[in-house]
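Note that the protein sequences, when read in sequence, are chains A and B.
For the first sequence, our numbering assigns the number 525 to the last residue and increments by one with no breaks.
For the second sequence, our numbering assigns the number 1050 to the last residue and increments by one with no breaks.
There are 2 protein chains.
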Amino acid sequence: MKRISIYDSTLRDGAQAQGISYSVEDKLKIVRRLDALGVDYIEAGNPGSNPKDLEFFERVKALSLGHSRLIAFGATRKVGVDVADDSNVMSLLRAGTSAVAIFGKSWDYQVTEILRTTLDENLRMIGDTIRYLKQQGKEVVYDAEHFFDGYKANADYALQTLTAAAEAGADCLCLCDTNGGTFPGEIFDVTARVKALFPVTIGIHCHNDCELAVANSIMAVQAGATQVQGTLNGIGERCGNANLCSIIPNLQLKLGFDCIAAASMEQLTSVARAVSDIANMTHNEKAAYVGGDAFAHKGGMHIDAVVKNPVSYEHIDPERVGNARRTLISEVAGRSMLMTRINAVDPTLGKDAPETQKIVARLKELEHEGYQFETAESSFELVVRKLLGKFKPFFELKEFKVVVVEPSVNGVNSSATIRISVGEQEEVSSAEGDGPVNALDKAVRKALERFYPEISEIRLTDYKVRVLDSDQATAARVRVLIESTDHRENWTTIGVSTDIIDASWRALVDSIEYKLMREQERKVV
Amino acid sequence: MKRISIYDSTLRDGAQAQGISYSVEDKLKIVRRLDALGVDYIEAGNPGSNPKDLEFFERVKALSLGHSRLIAFGATRKVGVDVADDSNVMSLLRAGTSAVAIFGKSWDYQVTEILRTTLDENLRMIGDTIRYLKQQGKEVVYDAEHFFDGYKANADYALQTLTAAAEAGADCLCLCDTNGGTFPGEIFDVTARVKALFPVTIGIHCHNDCELAVANSIMAVQAGATQVQGTLNGIGERCGNANLCSIIPNLQLKLGFDCIAAASMEQLTSVARAVSDIANMTHNEKAAYVGGDAFAHKGGMHIDAVVKNPVSYEHIDPERVGNARRTLISEVAGRSMLMTRINAVDPTLGKDAPETQKIVARLKELEHEGYQFETAESSFELVVRKLLGKFKPFFELKEFKVVVVEPSVNGVNSSATIRISVGEQEEVSSAEGDGPVNALDKAVRKALERFYPEISEIRLTDYKVRVLDSDQATAARVRVLIESTDHRENWTTIGVSTDIIDASWRALVDSIEYKLMREQERKVV
């Protein structure tokens, strides 16, 4: 199996993405995850352009990495400056990594119009910088910026820049599609030509501006590149960088290349999710391999076929990348999947049991009202348990009243008062909030915490509203989905009503009931 | 320029995506957008498996489409059934479209293990169904499900299924990578072989499970396919379908194929956003070509270079797809689109007028708060008029109070009281409703009707809610879109707030103000 080295730039090029701003702590956490995953290189910062990165390189020395090598990234020396006097190159050395990456210009137009220097001086800038860093004992990766655009404009000059880097001792020549505008066939042809000319490692660095970065990276490998640069979840400037979460399994599970340890592959989904969390980005649930929907099946016919044999609608076994199959409950879903879910609550029930009939009838009713249990699996479980008498209510709502006023008073426009009972005891509480639902949420928690302190562990992480039959305008029914977590588990609940507050209330109650039920089960076990 | 026909399945295969559930109204709106964009085929439903789709096909007949042909989609006849007795095939005919798509099995394993019939019967199912539909005068697209997996398992049988379809008269053989597990090189080779064997149109239908669907579609075209199936924004089951928003500009702007009218290309971004809105999905801002970040520049060095010459870090001019560079102009739309809209209010304003600058600055502020004017053009017009002093307020809100109680009293749980002034006069009124927004809507109309009887003509036809920053849970900001009509005109307005009632109120006020403004203009003219 041919070995492909994986070069991660989540912390450097990924930091160019809109909305990304890592703390030093964030970066250290991501380094640990990347090392556990087993990538070969972690490009972790640009100390010349970002002084905060020097603090990171200082602190990262305390981590003992099992597999990955850290890389500090920077530019070639400036026009007309001696390398040893170039402040960026000096910052690069100060990072203290054994390997460095240097980027330089390949495109004649960029040299003369953006750098505003001569083509010859650019060649010297590349050669001088790499030669100097090799003399300091560094492993040097040379990133040829805009290589493919440069090659199309002036192939001869683009190749001269690579020659300058190779002759100075670069260990790897990495070809960059900086603007992301190149197509798979071109990537293949140009990479194959470069591979034939230079006896060093060839790398590939793609951007996703044409939604082709994964394909382009793979084509380059098929043309002879043996280092792939990218980021986890494809984060990066504009449309993002080449997504290593797709490239690694594509190369290793589908094409037989060797990228990371086989055991690490099963961590891929959890590493991808952790990085989304740390970077404070919404994880892309539609992502190949590592998205929550990647192996989710909805159509009844598809679900029946997947139950017969997963290969019907799955290109790989989801467990190989640490993901899982999900079958979504919906009006089009098959009976067999429904039974799997019902049997999770009561394994003794058969397809034709009267209890099963009752559940199916109730589900149809609820779906007719606008409920949808595709994602709201916890509400589904509560419906089944209630129908089977396997749920004992934890509290009862006596009444609530929510008031919204305009103009707001002292910056607050919403308040809620609620009365509930737990067994024989009643509790009344009030709260103000950002909007009526927030006020109601706070009031019910306040009322219940006395009886169930574990409620304080619930954190609502997502709140979605969908208007059904929206042509009924403001009298339309709305469907509310709430996602909750307690750092042990995530769960999703649903409520439907013509009144958004009532719909939110139902989803909120389900979320609380689900939490209390799980806590009770834990105590029993 | 070689012509490639674009076949959109946003409404059919796209509806398999998790969380998608279109109303008939939603579907009609999307059809109008797709037709304006100029796709050749709109696969709009599966009347056999979803009876609601028949209602859609009935209603869509009232639209007169300028370019697109509608397609009803269904399966080959069932095992051992005569075509004329097959209920699915009959539903397909009932849809009344001039073109239909039929899918059948190509993979021997799927025939024997999932369909549980013989390989010969499967060939007859394909042939019989297509022959019957051709006799009914239909244009027939044959979707060869799992074609690439089938070809790898048993090329001979996979080709026999195509022969059965071609001999029965299929107008197009569409090769499907149903599980999304095939690689660009394989797609090219297999498509080229099929193209050489069959003298009919060859189509390609890819899924994105390896993040390769766009590349695979393009490779198939380069191998001779002339029909591309996909969905807008790539929506679809699991990781989605091939994304037409990337494929169309890739083929037309970069590779020189002819897909849609050149003028329509500039609508691509706004159509993509409108479809996200109608489907109530968060638009992917990282999307190639049509994402808000696709031409956003963050790194200072990059911005400087882009200012010197955009080709430095942009693979195409964003205005060619109706998108905009983010560092220089408003996020809402390209400068030319913005000027068109501003000039609709005041034709004398130039690009560099101080009033224009003021409008752009205000738009950026509003967009930062979560406003989006892609569909809410009437709110946009009101913003511009107010800034230019071309709007005289019709009324002023003094206060409102909305109360929601549970349990409801006599079946009513929401009431609203409102006080407004018109000139020197004040008016107070109250109303009950289905939910707080409905109550407020009724109350404000009651209060205003005395002054502006034409308000009774306003009918709210659509009401949508999107939660922004949804990780803030019940304290999240919400964006409300309201569509209104008075049987002369339709208009859309927007409101954003952390409080859903406040957001709804803002959209409602805009709707009323827009109506009154139009009435006033009519009287003046």
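Each residue gets a CB set at the ideal place from its N, CA and C atoms; glycine is no exception.
Boundaries of the alpha helix (DSSP H) harbouring residue 245 (chain A): 244-249, taken from the DSSP string.
The bridge partners DSSP lists for residue 75 (chain A) are A:103.
The beta carbon of residue 781 (chain B) is closer than 7 Å to those of 526 in its chain, skipping five residues each way along the sequence.
In this structure, residue 778 (chain B) lies near residue 841 (chain B), with their beta-carbon atoms less than 8 Å apart. Taking 8 Å as the cut-off, the Cβ atoms of residue 68 (chain A) and residue 30 (chain A) do not count as close.
By the Cβ neighbour-count rule, residue 228 (chain A) is buried, with 16 or more other Cβ atoms within 10 Å of its own. The shortest CA-to-CA distance from residue 1015 (chain B) to any of B:618, B:982, B:1005 is the one to B:982. Going by beta carbons, residue 59 (chain A) and residue 100 (chain A) fall outside the 8 Å limit. Here the segment 237-251 of chain A lies against the segment 206-222 of chain A, with 3 or more beta-carbon pairs under 8 Å apart. Sequence-distant partners of residue 326 (chain A) (beyond 5 residues in either direction) whose C-beta falls short of 8 Å from its own C-beta, in its chain, are 292, 293, 295, 296, 297. Contact between residue 191 (chain A) and residue 224 (chain A) holds: CB atoms are separated by about 6 Å, below the 8 Å threshold.
Distance from residue 647 (chain B) to residue 636 (chain B) at the Cβ level is roughly 4 Å; contact confirmed, criterion being Cβ atoms closer than 8 Å.
The beta carbon of residue 516 (chain A) sits closer than 7 Å to the beta carbons of 394, 452 from its chain, once the five residues preceding and following it are set aside; these are given in chain order.
For residue 128 (chain A), there is no enclosing beta strand (DSSP E); the residue is part of the alpha helix (DSSP H) that begins and ends at 119-135.
In the DSSP assignment, the residues bridged to residue 925 (chain B) are A:406, B:943. DSSP places residue 460 (chain A) in no alpha helix (DSSP H) but in the uninterrupted beta strand (DSSP E) bounded by 459-467. Under a criterion of Cβ atoms nearer than 7 Å, no residue of chain A is adjacent to residue 766 (chain B); the nearest Cβ is some 11 Å distant. By the CB criterion at 8 Å, residue 147 (chain A) and residue 158 (chain A) fall inside the cutoff.
Contact between residue 571 (chain B) and residue 578 (chain B) is confirmed by a C-beta separation of about 6 Å, below the 8 Å threshold.
Close CB contacts of residue 200 (chain A) within its chain, under the 7 Å cut and outside five residues either way in sequence, are with 166, 170, 171, 172, 173 (chain order). Note on geometry: alpha-carbon atoms of residue 929 (chain B) and residue 984 (chain B) lie some 24 Å from one another. The C-beta of residue 873 (chain B) has fewer than 16 other C-beta atoms within 10 Å across all chains shown, which makes the residue exposed. At least one C-beta of chain A is nearer than 8 Å to the C-beta of residue 960 (chain B). Scanning B:901, B:963, B:980, B:969 for the CA closest to the CA of residue 1007 (chain B) turns up B:901.
The alpha-carbon of residue 411 (chain A) is positioned some 21 Å away from that of residue 1034 (chain B).
In the displayed model, residue 536 (chain B) falls within coil according to three-state DSSP, outside both helix and strand. Looking at the DSSP output, residue 314 (chain A) shares a beta bridge with no other residue. Its Cα nearest to that of residue 788 (chain B), the residue B:561 stands out among B:598, B:530, B:561.
Interface criterion met: the Cβ of residue 924 (chain B) is under 8 Å from a Cβ in chain A.
Near chain B, meaning a CB-to-CB distance below 9 Å, the residues of the segment 301-317 of chain A are 301, 302, 304, 305, 308, 309, 311, 312, 313, 314, 315, 316. When 9 Å is used as the limit between beta carbons, residue 818 (chain B) is near these residues of chain A: 17, 18, 19, 237, 238, 239, 240, in chain order.
Residue pairing by DSSP puts residue 490 (chain A) in a beta bridge opposite A:485. In the assembly as shown, residue 808 (chain B) is a buried residue. Its beta-carbon has 16 or more other beta-carbons within 10 Å. Beta-bridge annotation (DSSP): residue 201 (chain A) is paired with A:172. Cβ atoms of residue 883 (chain B) and residue 863 (chain B) stay farther apart than 8 Å, at about 13 Å.
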